[in-house]
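In my numbering, the protein residues as written are 12 to 261.
We treat Cβ as the ideally placed atom computed from N, Cα and C, and that holds for glycine.
These notes are about the structure you will find just below.
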């Protein structure tokens with residue numbers, strides 16, 4: 012896409028040190044035209060760019076470059092949304108697109124290794140705006156600085172996915188994948204627990220059956236022993252009776 016001259020007063024096209032967005036191949040066909048910055052590796056919905064400088068360089072120059080980067084990204088995004096708005100037939104989707112067009116969803120970061128500044132970019136009334144939203148020292152609070160940059164990257168990434176899906180893509184961000192993985196893990200754990208419970212129940216039933224069988228066998232053995240004793244006693248009684256009878260003087 013040819014950059015309008017009012018963006019840069021004839022300067023060369025922007026080339027940020029870091030540029031994050033969705034590749035053209037994952038987006039609907041109607042975005043494969045003039046909405047791309049370049050054809051080969053295009054990002055119609057870039058939501059994050061960064062300008063990196065050395066510690067002895069001019070951070071203000073990086074801020075100016077970031078303003079140019081942000082304006083181009085906002086313009087590209089607005090053109091894609093405008094095209095989507097003309098093609099969409101669903102009223103609800105049209106309202107969502109209009110709302111998305113009003114959001115400040117493009118971010119840039121500038122850093123010289125000692126400080127990190129994050130800006131948001133948007134357009135209104137044909138003008139492009141750059142606002143500082145956060146600033147952290149990478150020397151005094153290195154962890155906070157890294158967290159700031161990472162959080163902005165994650166937010167921009169999520170917004171890219173949401174917007175692309177709204178326009179007909181079928182993408183899942185890392186949070187969705189993590190949620191699905193967690194759900195799958197929970198399902199697997201539940202299945203394993205159910206299987207373990209079933210196995211335990213089966214084992215208990217088998218043990219109960221074995222115990223019942225053992226009890227029945229013991230009862231049968233006891234009954235047989237009683238019968239033998241009774242028979243033996245009966246025979247002995249008969250013998251004794253006969254013996255005694257033989258001694259009686261009849």
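Problem set entry | Which listed residue (217, 232, 167 and 205) has its alpha carbon closest to that of residue 32 | 167
Problem set entry | First through last residue of the alpha helix (DSSP H) which encompasses residue 114 | Where residue 114 is concerned, there is no enclosing alpha helix (DSSP H), given that its DSSP letter is neither H nor E.
For this session: Below 8 Å on the Cβ atoms is my guess for residue 59 versus residue 164; work out the distance and round it to an integer in Å.
Result: 6 Å
For this session: May I ask you to list the residues that DSSP assigns as paired with residue 148?
Result: 126
Problem set entry | Inter-residue Cα distance where the pair is residue 28 and residue 40 | 28 Å
For this session: Could you tell me the distance, in whole angstroms, from the CA atom of residue 86 to the CA atom of residue 203?
Result: 52 Å
For this session: Over the uninterrupted alpha helix (DSSP H) stretch that includes residue 158, give me the two end residues.
Result: 153 to 177
Exercise. In the DSSP assignment, what are the bridge partners of residue 63?
Worked result: 122
Exercise. Does the count of Cβ pairs from the segment 64 to 79 and the segment 209 to 226 closer than 8 Å reach three?
Worked result: no
For this session: Please confirm whether residue 38 and residue 180 have their CB atoms less than 8 Å apart.
Result: yes
Exercise. Ordered along the chain, which non-local residues of its own chain (more than five positions away) have a Cβ less than 7 Å from that of residue 229?
Worked result: none
For this session: Find the nearest neighbour of residue 141 within the set 132, 149, 206 and 147, judged by alpha-carbon distance.
Result: 132
Exercise. Do you know how far the Cα of residue 225 is from the Cα of residue 206?
Worked result: 28 Å
Exercise. Hey, out of 198, 139, 36 and 127, whose CA is closest to residue 62's CA?
Worked result: 127
Problem set entry | Residue nearest to residue 178 in terms of C-alpha spacing, selected from 154, 106, 213 and 150 | 106
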